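Here is the structure we will look at.
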Amino acid sequence: MSNSSNYTEDNIKSLDWKEHIRMRPGMYIGKLGNGSSPDDGIYILLKEVLDNSIDEFVMGAGKTIEISINNNGVTVRDYGRGIPLGKVVDVVSKMNTGGKYDTRAFKKSVGLNGVGTKAVNALSITFKVESVRDGKSKYVVFEQGELIEESVIEVSSKRKGTKVTFIPDTSIFKNYKYRNEYVSKMLKYYVYLNPGLTIVFNGEKYKSDNGLKDLLEDNNDLEKLLYPIIHLRGNDIEIAITHSKVQYSEEYFSFVNGQHTTQGGTHQSAFRESIVKTIREFFGKSYDASDIRKSIISAISIKVMEPVFESQTKTKLGSTEMGGNLGTVRSYINDFIGKNLDNYLHKNPVVAESIQKKIVQAEKERKELSGIRKLARDRAKKSSLHNKKLRDCRVHLNDMNKENRLDSTLFITEGDSASGSITKSRNVNTQAVFSLRGKPLNSYSMTKKIVYENEEFNLLQAALNIEDSIEYLRYNNIVIATDADVDGMHIRLLLITFFLQFFPELIKEGHLYILQTPLFRVRNKKETIYCYSEKEKSEAIEKLGVKSEITRFKGLGEISPDEFKYFIGEDIRLDPVMLDDNFSIEDLLSFYMGKNTPKRQEFIINNLKVELDTVES
233 MSNSSNYTED
243 NIKSLDWKEH
253 IRMRPGMYIG
263 KLGNGSSPDD
273 GIYILLKEVL
283 DNSIDEFVMG
293 AGKTIEISIN
303 NNGVTVRDYG
313 RGIPLGKVVD
323 VVSKMNTGGK
333 YDTRAFKKSV
343 GLNGVGTKAV
353 NALSITFKVE
363 SVRDGKSKYV
373 VFEQGELIEE
383 SVIEVSSKRK
393 GTKVTFIPDT
403 SIFKNYKYRN
413 EYVSKMLKYY
423 VYLNPGLTIV
433 FNGEKYKSDN
443 GLKDLLEDNN
453 DLEKLLYPII
463 HLRGNDIEIA
473 ITHSKVQYSE
483 EYFSFVNGQH
493 TTQGGTHQSA
503 FRESIVKTIR
513 EFFGKSYDAS
523 DIRKSIISAI
533 SIKVMEPVFE
543 SQTKTKLGST
553 EMGGNLGTVR
563 SYINDFIGKN
573 LDNYLHKNPV
583 VAESIQKKIV
593 QAEKERKELS
603 GIRKLARDRA
613 KKSSLHNKKL
623 RDCRVHLNDM
633 NKENRLDSTL
643 FITEGDSASG
653 SITKSRNVNT
663 QAVFSLRGKP
673 LNSYSMTKKI
683 VYENEEFNLL
693 QAALNIEDSI
703 EYLRYNNIVI
713 ATDADVDGMH
723 IRLLLITFFL
733 QFFPELIKEG
743 HLYILQTPLF
753 RVRNKKETIY
763 CYSEKEKSEA
773 IEKLGVKSEI
783 TRFKGLGEIS
793 PDEFKYFIGE
803 DIRLDPVMLD
813 DNFSIEDLLS
823 FYMGKNTPKR
833 QEFIINNLKV
843 ELDTVES
């Protein structure tokens, strides 16, 4: 009989609070990442600290919050009531300690009972918190969750409030970088949801007077909206609704107690349902739900007592009750929209007429598509059983009970050799591969019909599961992995055009990326360095010596699976595809993907860069 492992008292271990957080950070902040994605851990750290400051504002204390990010160090200063001085250490370092358990003090709080700041503390190289209240102050300093300095309580002339400074731990967040675009977007959401609040970020001021109406206006070209934004406010609820003239898909921004619930939840489902119900009753016709919601752009924010989220990162609401005596989330939203949207449409017959015309047009298009859609679905269903294009993974974004669901990634590759290398070296739990046959179709100015007629587009749509709504998206990260040559660039552009044309919310919500792959490999007998630019190559040669071996990669297919695993693992480099607020999607697509106009030719000539290979002596 073989010796079995001994199981004794020595095998039983109790981790203290910081060890548990550092060992399983995903339980507290979702995924780690390096800052290339808006849901990466470094942004969650900022958010957790900021949430406490927002709670102070909600409770009527402190109208301004100041944030600075310099050299990846973060400082958040609010002018709220300040943490009680005798509890400064406990609040940021003792689990199950916080002010949010007392619902009298924080009726509809953003923070989750003080777990957040403890996670920030444990996951930071240095973490300092200073509290000022009643003319006195105290500060404490931690390193990786370990208390290293605690001041005495001193008399202070500083304004009351709390100041938190932290630097994320580089051993956990590798090669991280805060992107101002993501931080800026996060802060805008905070001010949309908290009219009267001013946030100053690195000297730039953010403020909103019209809440969710401002959100929709800032995220859309107003000329492309079918009618002026319907903006309705009530107790614990705010909504904004319009329809797009050019967008095909539904788009929802949903929030609970100030949290951006990117995965929706019970409130978003009720919102979609009640819009359909109200419009049907207003017109007295049983319009199809998809026709009513087609091209809708909307936002909803509700406040719930003691909300239940389906994860620590609070991206999906699980609560069915509003709390207090307000009944269910569903009935509360239904009643509010049923009354207020109906009143609005009666008072604004021109808007009502625009909506009805849009519905009738959507119905016509749907019926024209129905035959081809059925064929396409049957085709996709058959191919899903043995889809050679898709090598799926085990964990998906909508697996809410899976800790690593935010890591779910779909690589879109060109050609068999490239997809073969990625397929062999990928993490089968979280990384899937979709292989393109060649260059996809230029879908600019085409109708949704092409998505169903073109087998490749239809299968890609089916793989992503976004036909009906982005709410059902299967992968958090969609990564275009093509060669860094002219053909590869062209394929990138054609794919981005496809997403912009039919599913722009994927880009708006930060799901689309370009995979960076190394151009060179520099190595000697002891070390190998992969270089992504000429500058990195020069630095590698300087480090490893001029006699080191230099290899240039011409395409992804040339990189062996053994090497490829380093480029799509922990050190993956991704460039997010972002939309500039100053350009409309229609104008962008028209310029780059439309007819070859003199204007575009002039742009190409003026911006053409020629790279010369330098001869190394």
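So for the sequence shown, this note's numbering puts the first residue at 233; every next one is plus one. Idealized CB from N, CA, C, for every residue including glycine. Owing to the predicted nature of the structure, the values given are computational and were not obtained by experimental measurement.
Member of Ala608, Asp567, Glu505, Tyr484 whose CA lies at the smallest distance from the CA of Glu703: Position 471 of the sequence shown, counted from the start, is the residue given in the question as residue 703. Ranked by Cα distance from Glu703, the first of Ala608, Asp567, Glu505, Tyr484 is Tyr484.
Cα-Cα separation between Thr430 and Ser269, rounded to whole angstroms: Translated into positions along the sequence shown, residue 430 becomes position 198. Translated into positions along the sequence shown, residue 269 becomes position 37. Going from the Cα of Thr430 to the Cα of Ser269 covers about 25 Å.
Identified DSSP bridge partners for Gly393: As a working note, residue 393 is residue 161 in the sequence shown. BP columns for Gly393 point to Val364.
Boundaries of the beta strand (DSSP E) in which Val432 is found, first to last residue: The residue you call residue 432 lines up with position 200 of the sequence shown. Under the DSSP assignment, Val432 falls in the beta strand (DSSP E) whose first and last residues are 430-433.
Extent of the continuous alpha helix (DSSP H) run through Ser640: As a position in the sequence shown, residue 640 is number 408, starting the count at 1. Element bounds for Ser640: n/a, residue is neither H nor E.
Lys680 in three-state terms, based on DSSP: Here residue 680 corresponds to residue number 448 of the sequence shown, with the count starting at 1. Lys680 falls in the coil class under three-state DSSP.
Where Glu251 sits in the DSSP three-state scheme: Within the sequence shown, numbered from 1, the residue matching residue 251 stands at position 19. In this structure, Glu251 counts as helix in the three-state DSSP scheme.
Beta-carbon separation (whole angstroms), Pro750 vs Lys656, contact threshold 8 Å: Locating residue 750 in the sequence shown gives position 518, where the first residue counts as 1. Locating residue 656 in the sequence shown gives position 424, where the first residue counts as 1. Contact flag wrong, Cβ pair sits at about 18 Å.
Candidates Ile511, Tyr410, Leu558, Thr493: closest to Asn467 by CA position: For this step, residue 467 is matched to residue 235 along the sequence shown. Looking at the Cα atoms, Leu558 is the closest of the given residues.
Span of the alpha helix (DSSP H) around His722: Looking up residue 722 in the sequence shown gives position 490. From DSSP, the alpha helix (DSSP H) with His722 extends over 718-734.
Where the alpha helix (DSSP H) through Thr307 begins and ends: Translated into positions along the sequence shown, residue 307 becomes position 75. Counting along the chain, Thr307 falls outside any alpha helix (DSSP H), though it belongs to the beta strand (DSSP E) covering 305-310.
Reduced DSSP secondary structure (H/G/I, E/B, other) of Glu635: As a working mapping, residue 635 is identified with position 403 in the sequence shown. In the structure shown, Glu635 sits in coil (DSSP, three-state: anything other than H, G, I, E or B).
CA-to-CA distance, Gly305 to Lys775, given in whole angstroms: Within the sequence shown, numbered from 1, the residue matching residue 775 stands at position 543. Within the sequence shown, numbered from 1, the residue matching residue 305 stands at position 73. Going from the Cα of Lys775 to the Cα of Gly305 covers about 29 Å.
Cβ neighbour criterion (16 or more within 10 Å) applied to Gln479: Along the sequence shown, one-based indexing puts residue 479 at 247. Label assigned to Gln479: buried.
Cutoff 7 Å; reference Ser363; Cβ partners in own chain excluding five residues on either side: Reading the sequence shown from its first residue, position 131 is the one you call residue 363. Closer than 7 Å at the Cβ level, and outside the excluded window around Ser363, lie Gly314, Ile315, Leu317, Val320, Ser369, Lys370, Thr394.
8 Å Cβ cutoff met for Ile591 and Ile524: Position 359 of the sequence shown holds residue 591. Position 292 of the sequence shown holds residue 524. For the pair Ile591 and Ile524, the CB atoms are nearer than the 8 Å cut-off.
N- and C-terminal bounds of the beta strand (DSSP E) containing Glu436: Here the question's residue 436 lines up with position 204 in the sequence shown. Per DSSP, the unbroken beta strand (DSSP E) holding Glu436 starts and ends at 436-438.
Cα-Cα separation between Glu652 and Thr645, rounded to whole angstroms: Against the sequence shown, residue 652 aligns to sequence position 420. Against the sequence shown, residue 645 aligns to sequence position 413. Looking at the sequence shown, residue 652 is not Glu but Gly. Cα to Cα, the separation comes out at about 9 Å.
Sufficient close CB pairs (3 or more, under 8 Å) joining the stretch 716-726 to the stretch 627-639: Output reads no: the stretch 627-639 does not touch the stretch 716-726.
Among Ile473, Asn489, Phe515, Gly570, nearest to Ser506 - alpha-carbon criterion: Within the sequence shown, numbered from 1, the residue matching residue 506 stands at position 274. Per the Cα distances, Gly570.
Whole-Å CB distance - Asn697 paired with Leu691, under 8 Å assumed: Translated into the one-based positions of the sequence shown, residue 697 becomes position 465. Translated into the one-based positions of the sequence shown, residue 691 becomes position 459. Their Cβ separation, rounded to whole angstroms, is 12 Å, which puts Asn697 and Leu691 out of contact at 8 Å.
Opposing strand residues paired with Val711 [DSSP bridges]: Numbered from its first residue, the sequence shown carries residue 711 at position 479. Answer is Phe643, Tyr745.
Contained alpha helix (DSSP H) runs [length at least 4] in the stretch 255-329, N- to C-terminal order: Scanning the stretch 255-329 for uninterrupted alpha helix (DSSP H) segments of 4 residues or longer gives 258-261, 273-290, 320-325, listed from N- to C-terminal end.
Whether Tyr408 touches Tyr275 by CB criterion (8 Å): On the sequence shown, residue 408 is found 176 positions in, with the first residue counted as 1. On the sequence shown, residue 275 is found 43 positions in, with the first residue counted as 1. Cβ distance not < 8 Å, so Tyr408 and Tyr275 don't count as in contact.
contact_flag[the stretch 568-584, the stretch 501-519] where n(CB pairs < 8 Å) is 3 or more: The stretch 568-584 makes contact with the stretch 501-519: 3 or more CB pairs, one atom from each, lie closer than 8 Å.
Residues that DSSP places opposite Pro427 in a beta bridge: Counting from one through the sequence shown, the residue named residue 427 turns up at place 195. Pro427 pairs with nothing; no bridge assigned.
First through last residue of the beta strand (DSSP E) which encompasses Ile702: The residue given as residue 702 occupies position 470 in the sequence shown. Looking at the DSSP string, Ile702 is not in any beta strand (DSSP E), and its letter there is neither H nor E.
Contact belief for Lys250 with Gly348 at Cβ below 8 Å, rounded distance in angstroms: Stepping through the sequence shown from its first residue, residue 250 is reached at position 18. Stepping through the sequence shown from its first residue, residue 348 is reached at position 116. Between Gly348 and Lys250 the Cβ distance is about 14 Å, and since that is not below 8 Å, they are no contact.
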